[in-house]
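Asker: Here the sequence shown is numbered in my numbering, starting from 2 and rising by one per residue. The beta-carbon is built from N, C-alpha and C at its ideal position, and this holds for glycine as well. Quick one: this structure, given as structure tokens, is what I'll be asking you about.
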Amino acid sequence: MNSKEIKIKQEILDLQSKINEWDNAYYNLDNPIVEDAVYDNEILRLKKLEEQYAYLFTYEELKNSPTQKINAFASETFTKIRHNEPMLSLNKAYTYEEIEKFIAKIDKIAVNYSFYIEPKIDGLSISIKYKNGKLWQAVTRGDGLIGEDVTENVKQIECIPKEINYLNDLEVRGEIYLSISDFNNLNRMLELENKPKMANPRNGAAGTLRQLNPEIVKERKLSAFLYYIVNPELHNIKTMTESFEFLSKLEFPISKETKTVYTIEEIFEYINNFKTIKTSLDYETDGIVIKLNELKYYNELGYTVKFPHSAIAFKYEPDTVSTTLKNIFATIGRTGLVTYNAELEPVTLSGSRISFATLNNYQYIYDLNLNTNDLVYIKKAGEIIPCVISLVNKKEELNVFNKIITCPYCKESLIDSETFLEQYCINPNCPEIIRKRLIHFASKEAMELDTLGEKNIDFFIEKGFIKNIDDFFRLKERSAELTNLEGFGYKSIMNILISIEKSKELSLERIIFAFSIKHIGAKVSKFIASKVVSLDQFIDFDFEQLTSYDEIGPKIVSSLKEWCNNEHNRSLVTRILDLGVNLVYKSNAKSNILENLTFVITGELSQPRSFYEKMILENGGKITSSVSQKTNYLLCGEKAGSKLEKAQKLNIKIINENEFYDLCK
Ligand code: IVH
């Protein structure tokens, strides 16, 4: 074995032992320590590595890998029962295309068909047999072929009928679950008794159903939904809709959220609506199940060993996953603000690989009691930067991470903000603040300096061409030196110089934003620019007069005053003006027809959202992201969700595209 192979073998062995630990926690302790998505990721990675590097292992070594075990758990304390009909699983879809594929297969065989949609209950499946109208036997799913006899425990579940008004043999299947409210009650009780708490309702249900004492099961209050009748033709049932009517008549508990639908559009609508509904239910769901309604096609459509082709589970993208916090470190932003960051064991979240997440400020770390090696949940915040949202469990008994008191770059002491929520490095010569400011100054949203991204700016700093913002405007004096630089051709240097010349023609707000003044973002800069008009009036402008406007709060005014009173900044602006650079405000408003009107945009429209946003801004209107009393119009396209509901509730005027164009005329 070469050194790379030794490393890979060790990685595989480590993965195996980590997953074995997770399996043990899940199957034997009913106390999972990782999210399903993390588990799936890691087991997939292990499978791939084992396939690729099988030659590094003996047969025995591979046979014992967790990838070779299927649903390992089987308790020794309940009688094993073989199912008459296997209890299959469901194939999963994560996208609309996958649902379309599922339907395309059905379409090849079936005519005049419909679908039955139900929530996918996050519990444990159960098969219950009735004889002579009496509950006779209840068996868990087990490995799908052999399960465990938990009849006595299932008899303790209040909502499951012990007797039914139907004397033929009947086998029904469904899901046993612990409602969220009963789960909370159970954890309160466990806490009082000083016993370990349940990680989630599903594990609460599993742990309860496997109690050997039925009295405990009774106390803990499990619930159930039934959704399937084995051999329905024996009961003259032809569709899923009829199955549910049959179950309901016999007083079995069934979900209230089911629906018979006829088109793919209706399926998508259900998916969209259920996204909101599921958050208000007292039980946890794991997506929805779409079943072909007409049972006569089931056999022809067939089954794989694992799942039928007649039903599919749609899973909503998980917006949180758990992973290990490998390291905590602080970075300094362009205003000197300290941000704490997490380096993570890489994990996939909503389709992208994530290795870093933000932890915001120190208070955030303190409140979540975080330190390195902890298992944490991460979530995509505002779709872009992932954020650590909670602690799953502490790996080591380390105390909370210590607050950083000096700047990691210039080693000067950090200063707390008045609220103690933020920390700042206030060293005007901090190399990191200077670097971040230069990068921001050149960025697309600020001065749009072509090809001057982080890498090139670092290079120019290193070579001594740029120390401060005004140096950008002096670069043209050094063009001969620049063109001799290795790595830059004549043309690329010319492009940089041209873009610097062009930036002088930008509207004033760009340079105000580019200065990196605390609390002054792009939007506020634009407003300030409209009042200040030109750069030469900026430094001595009376910002107090802006307090009467809605857009400008006291925090902004005091930040502007502080910046303009600072000698470094005054001299910087003077130097820029001396170089002949004096940006002026250029209003791009085409009209003020939408002045004082606030819009929210939702749903699918014929043009990208930015198209409407631009039009609103150009006509003097405002845009906000959420509907409130202050919203004047909701511009609403197809498949709108919660924003539409909220606008209806608040009686906000809802307009379509055409009505919007009319407004702008
Ligand atoms: S139908 C052929 N309907 O999901 C499989 N299953 O991932 C028949 N589940 O093992 C199952 N809610 O435990 C069906 N409304 C529902 C369900 C549901 C939850 C569970 C069930 C199954 C698993 C498959």
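Can you name the start and end residues of the alpha helix (DSSP H) that glutamine 138 belongs to?
Answerer: To locate residue 138, count along the sequence shown from 1; it is residue 137. No alpha helix (DSSP H) contains glutamine 138, which is instead part of the beta strand (DSSP E) from 135-141.
Asker: Can you tell which of Ile501, Ser500, Gly337 and Lys456 has the C-alpha that lies nearest to the C-alpha of glutamate 433?
Answerer: Locating residue 433 in the sequence shown gives position 432, where the first residue counts as 1. Ranking the options by Cα distance to glutamate 433, first place goes to Gly337.
Asker: To the nearest whole angstrom, what separates the beta carbons of valine 401 and serine 323, a pair I think is in contact under 8 Å?
Answerer: The residue you call residue 401 lines up with position 400 of the sequence shown. The residue you call residue 323 lines up with position 322 of the sequence shown. Incorrect: roughly 19 Å between the Cβ atoms, too far for contact.
Asker: Which residue comes first and which comes last in the beta strand (DSSP E) that contains aspartate 123?
Answerer: As a first step, residue 123 must be located in the sequence shown, where it is residue number 122. Careful: aspartate 123 lies outside any beta strand (DSSP E) and carries neither H nor E.
Asker: Which same chain residues, not among the five before or five after arginine 354, have their C-beta less than 6 Å away from its C-beta?
Answerer: The sequence position of residue 354 within the sequence shown is 353, counting from 1. Answer for arginine 354: Pro347, listed in chain order.
Asker: Quick one: what does DSSP say asparagine 188 is sitting in, helix, strand or coil?
Answerer: Your numbering for residue 188 matches position 187 in the sequence shown. Asparagine 188: helix per DSSP, three-state reduction.
Asker: Going straight from the alpha carbon of glutamate 384 to that of glycine 134, what length do you get?
Answerer: On the sequence shown, residue 384 is found 383 positions in, with the first residue counted as 1. On the sequence shown, residue 134 is found 133 positions in, with the first residue counted as 1. Caution is warranted here: a pLDDT of 45 is assigned to glutamate 384, below 50, making its placement in the model unreliable, and the coordinate value is therefore given only provisionally. Cα to Cα, the separation comes out at about 54 Å.
Asker: Under the rule that 16 or more other beta-carbon atoms within 10 Å means buried, what is valine 534, buried or exposed?
Answerer: Indexing the sequence shown from 1 puts residue 534 at position 533. Classification for valine 534: exposed.
Asker: Give me the Cα-Cα distance between tyrosine 131 and asparagine 154, rounded to the nearest whole angstrom.
Answerer: Here residue 131 corresponds to residue number 130 of the sequence shown, with the count starting at 1. Here residue 154 corresponds to residue number 153 of the sequence shown, with the count starting at 1. Straight-line Cα distance between these residues: approximately 15 Å.
Asker: Report the three-state DSSP secondary structure of arginine 354 (helix, strand or coil).
Answerer: The count along the sequence shown starts at 1 and reaches residue 354 at position 353. Correct three-state label for arginine 354: strand.
Asker: Looking only at its chain, what residues have a beta carbon closer than 7 Å to the beta carbon of lysine 292, apart from the 5 residues adjacent to it on each side?
Answerer: Position 291 of the sequence shown, counted from the first residue, corresponds to residue 292. Answer for lysine 292: Phe116, Tyr117, Met241, Ser311 and Ala312, listed in chain order.
Asker: With DSSP run on the structure shown, which of helix, strand or coil describes glycine 383?
Answerer: Within the sequence shown, the letter at position 382 stands for residue 383. A caution first: glycine 383 carries a pLDDT of 49, below 50, which makes its placement in the model unreliable, though a value can still be read off. In this structure, glycine 383 counts as coil in the three-state DSSP scheme.
Asker: If you follow the beta strand (DSSP E) that cysteine 637 is in, where does it begin and where does it stop?
Answerer: As a working mapping, residue 637 is identified with position 636 in the sequence shown. Taken as a continuous stretch (DSSP letters only), the beta strand (DSSP E) holding cysteine 637 covers 634-637.
Asker: Using a threshold of 7 Å, is the CB atom of alanine 312 nearer than that to any non-hydrogen atom of ligand 1?
Answerer: Here the question's residue 312 lines up with position 311 in the sequence shown. Checking the Cβ of alanine 312 against ligand 1 gives yes.
Asker: How long is the line joining the alpha carbons of isoleucine 494 and serine 418, rounded to whole angstroms?
Answerer: Locating residue 494 in the sequence shown gives position 493, counting from the first residue. Locating residue 418 in the sequence shown gives position 417, counting from the first residue. Near 42 Å, if we compare the C-alpha coordinates of serine 418 and isoleucine 494.
Asker: Say whether chain C places a C-beta atom closer than 8 Å to the C-beta of leucine 282.
Answerer: Here there is only one protein chain, and chain C is not present.
Asker: Can you tell me whether glutamate 92 is helix, strand or coil according to DSSP?
Answerer: Here residue 92 refers to the residue found at position 91 of the sequence shown. The question names glutamate, yet the displayed sequence has asparagine at residue 92. Of the three classes helix, strand and coil, the one that applies to asparagine 92 here is strand, per DSSP.
Asker: Where does cysteine 388 sit, in a helix, a strand or coil, going by DSSP?
Answerer: Numbered from its first residue, the sequence shown carries residue 388 at position 387. Three-state DSSP puts cysteine 388 in a strand.
Asker: Rounded C-beta distance between leucine 251 and tyrosine 167? I'm assuming under 8 Å.
Answerer: As a working note, residue 251 is residue 250 in the sequence shown. As a working note, residue 167 is residue 166 in the sequence shown. Correct: roughly 6 Å between the Cβ atoms.
Asker: So, are the CB atoms of alanine 343 and isoleucine 405 less than 8 Å apart?
Answerer: The residue you call residue 343 lines up with position 342 of the sequence shown. The residue you call residue 405 lines up with position 404 of the sequence shown. No, these two residues do not count as a Cβ contact at 8 Å.
Asker: Please state whether the Cβ-Cβ distance between threonine 286 and lysine 279 is less than 8 Å.
Answerer: Indexing the sequence shown from 1 puts residue 286 at position 285. Indexing the sequence shown from 1 puts residue 279 at position 278. Yes; because the gap between Cβ atoms is below 8 Å, this pair is in contact.
Asker: For alanine 75, I'd like the list of residues in its chain whose CB is within less than 7 Å of its CB, leaving aside the five on either flank, ordered along the chain.
Answerer: In the sequence shown, counting from the first residue as 1, residue 75 sits at position 74. Any reading at alanine 75 must be qualified, since the residue scores a pLDDT of 41, below 50, and its modelled position is unreliable; the value itself is stated next. Same-chain partners within the cutoff: Gly143.
Asker: What residue range is occupied by the uninterrupted beta strand (DSSP E) comprising leucine 293?
Answerer: As a position in the sequence shown, residue 293 is number 292, starting the count at 1. First-last of the beta strand (DSSP E) with leucine 293: 286-293.
Asker: By DSSP's criteria, glutamate 605 is part of a beta bridge. Which residues make up the other side?
Answerer: The residue given as residue 605 occupies position 604 in the sequence shown. Glu639.
Asker: Short of 6 Å in beta carbon distance, which residues of its chain neighbour aspartate 26, apart from the five on each side in sequence? Order them along the chain.
Answerer: By one-based count along the sequence shown, residue 26 stands at place 25. In the sequence under discussion, the amino acid at residue 26 is alanine, which differs from the aspartate named in the question. Taken in chain order, the residues that qualify are Asn32, Pro33 and Ile34.
Asker: Keeping to the same chain, check which residues put their C-beta closer than 7 Å to that of phenylalanine 691; ignore five residues upstream and five downstream.
Answerer: No information on residue 691 is available, as it lies outside the stretch 2 to 666 that the chain covers here.
Asker: For leucine 235, which residues in the same chain have their Cβ closer than 6 Å to its Cβ, ignoring the five residues on either side in sequence?
Answerer: Along the sequence shown, one-based indexing puts residue 235 at 234. Closer than 6 Å at Cβ, skipping near neighbours: no residue.
Asker: Using DSSP bridges, identify the partner residues of aspartate 150.
Answerer: As a position in the sequence shown, residue 150 is number 149, starting the count at 1. According to DSSP, which records beta bridges pairwise, aspartate 150 is partnered with Val140.
Asker: Alpha carbon to alpha carbon, how far is glutamine 53 from isoleucine 71? Give it in angstroms, no decimals.
Answerer: Looking up residue 71 in the sequence shown gives position 70. Looking up residue 53 in the sequence shown gives position 52. Its pLDDT being 42, under 50, isoleucine 71 is placed unreliably in this model, and the coordinates cannot settle the point.
Asker: Quick one: using the 10 Å Cβ neighbour count with 16 as the cut-off for buried, is cysteine 408 buried or exposed?
Answerer: For the purposes of this step, residue 408 is taken as residue 407 along the sequence shown, with counting starting at 1. So cysteine 408 ends up on the buried side.
Asker: Tell me which same chain residues have a C-beta within less than 6 Å of the C-beta of histidine 520, skipping the five on either side of it?
Answerer: Stepping through the sequence shown from its first residue, residue 520 is reached at position 519. Excluding positions up to five away in sequence, the list reads Lys556, Ile557 and Ser560.
Asker: For ligand 1, is there any heavy atom lying closer than 7 Å to the beta carbon of arginine 142?
Answerer: The residue labelled residue 142 in the question sits at position 141 within the sequence shown. Arginine 142: yes, Cβ under 7 Å from ligand 1.
Asker: Just to check, is the beta-carbon of valine 262 closer than 7 Å to a non-hydrogen atom of ligand 1?
Answerer: As a working mapping, residue 262 is identified with position 261 in the sequence shown. No, the Cβ of valine 262 stays beyond 7 Å of every heavy atom of ligand 1.
Asker: For the alpha helix (DSSP H) containing glutamate 318, name the first residue and the last one.
Answerer: Numbered from its first residue, the sequence shown carries residue 318 at position 317. Per DSSP, glutamate 318 belongs to no alpha helix (DSSP H) and is neither H nor E.
Asker: By how many angstroms is the C-alpha of isoleucine 110 removed from the C-alpha of tyrosine 365?
Answerer: By one-based count along the sequence shown, residue 365 stands at place 364. By one-based count along the sequence shown, residue 110 stands at place 109. Straight-line Cα distance between these residues: approximately 56 Å.
Asker: Leaving aside the five residues before and after phenylalanine 544 along the sequence, list all residues of the same chain whose C-beta is less than 7 Å from its C-beta, in chain order.
Answerer: Counting from one through the sequence shown, the residue named residue 544 turns up at place 543. Val558, Leu561 and Lys562, listed in sequence order.
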